[in-house]
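**Q**
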Amino acid sequence: MITLAFPNKIGRGIHSMKKYILQRVLISLATLFVILLVLFILMDLMPGTPFNDEKLTQAQKDLLYAKYGLDKPVLTRFFLYCKNMLKGDLGVSYAINKNFAVSGMVKDRLGISIAVGAMAMTIGTIAGLLLGILAALNHNSWIDNLCSAISVFGVSIPSYVCALLLCYFIAYRLNWLPILYNVEQPFISLILPAVALSVSPTANIARFTRSEMIDVMNSDYILLVESKGVKDWKMIIGHVLRNTLIPVITVMGPILVNLLTGSSVIEKIFGIPGIGRLMITAIQENDYNVTIACAFVYSLMYIVTMLFVDILYGVIDPRIRIAKEED
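Counting with the numbering used here, you get residues 773 to 1099 for the letters of the sequence shown.
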């Protein structure tokens, strides 16, 4: 009976996990569809036109609208856009780079934005975990107070202020790193922007790690482990950290999303040719296709990241999966 029940239990667990993942994926696809529809409606309601040349007469503008299909109803254009999107066609630019494929414009800049976000997340995660662990292990000491003060500073100060401080002291005064992005030195050029973006993630991860680690160390489970004679460092690495990192993962997901989608100001300061800077220019120029594409890519990154975290957390802690299935 035991040998038969165990495979059945595994089979039910795998089936439950597949069902859970399928539900998350379908919800994500439906959300993306709604976001794209809202973007189209908002762009249709937005004042102005991508053809702002004063030399153009109204008749010429009407011809341009007919050429690009902008004279059709918004729902007709929406479903046509969805059809073309499935083929990888995001339309052409109307103003920024006339008649140039938007997919090529986004592709050239997306990698740089992801690189900045990934670097900032790596720095923020490592620094935040170290600060949080150090503060928790020295609870109520001057080290804990110092780490907490650094965390409060990181949460309070905006990333663009950090960027300006780094530009002045590191790039201008000390001349260690370049201020503006240099195509010939991409990695070095991204260090200052990544550090500026990593300040807030460092502070948030440090605070959360400290709080969770203190709770774990004071739990009955750890007291039981200590009573069995497990040594300090072995207990911290094998039991405390493992239980601390599970809830920390859920915080890292939204932080990563914010880094990937909220770097437009940093890109502007450091002259980084990323997707955030492209989106700002597209909004200013009323370039509909570019604006929609950039906003949709940001939404896609957000939803995919949150989907990954949701599934990962469901794998790590099956109780979350079961609770959501019951809902």
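We treat Cβ as the ideally placed atom computed from N, Cα and C, and that holds for glycine.
Could you check where the alpha helix (DSSP H) with residue 976 kicks off and where it finishes?
**A** Residues 963-989.
**Q** Could you check whether residue 1044 and residue 953 sit closer than 8 Å to each other, using their CB atoms as the reference points?
**A** Their beta carbons are under 8 Å apart, which means residue 953 touches residue 1044 by this criterion.
**Q** Can you tell me which of the three DSSP states residue 892 falls into?
**A** If DSSP states are grouped into helix, strand and coil, residue 892 belongs with the helices.
**Q** With residue 860 as the anchor, note down where its alpha helix (DSSP H) starts and where it stops.
**A** No alpha helix (DSSP H) contains residue 860, which DSSP labels as neither H nor E.
**Q** Which one of 908, 1082, 956 and 1020 has the shortest CA to CA distance from residue 990?
**A** That would be 908, whose Cα lies nearest to the Cα of residue 990.
**Q** Once DSSP output is grouped into helix, strand and coil, what is the label at residue 867?
**A** Of the three classes helix, strand and coil, the one that applies to residue 867 here is coil, per DSSP.
**Q** Rounding to the nearest angstrom, what Cα-Cα distance links residue 837 and residue 943 in this structure?
**A** Whole-angstrom Cα-Cα distance: 47 Å.
**Q** For residue 854, is the classification buried or exposed, using 16 other Cβ atoms within 10 angstroms of its Cβ as the cut-off for buried?
**A** Burial call: exposed.
**Q** Would you give the residue range spanned by the alpha helix (DSSP H) that residue 1035 belongs to?
**A** No alpha helix (DSSP H) holds residue 1035; DSSP gives it neither H nor E.
**Q** Counting Cβ pairs closer than 8 Å, one from the segment 962-976 and one from the segment 922-931, do we hit at least three?
**A** Touching, yes.
**Q** Using 8 Å as the threshold, is the segment 816-834 in touch with the segment 1015-1035, meaning 3 or more CB pairs across them?
**A** Cβ pair count under 8 Å is below three, so no.
**Q** Comparing alpha-carbon positions, which option in 1035, 864 and 1051 lies nearest residue 892?
**A** Taking only the C-alpha atoms, the option nearest residue 892 is 1035.
**Q** Taking all protein chains shown into account, decide if residue 984 is buried (16 or more other Cβ within 10 angstroms of its Cβ) or exposed.
**A** Its Cβ being crowded by 16 or more others within 10 Å, residue 984 is buried.
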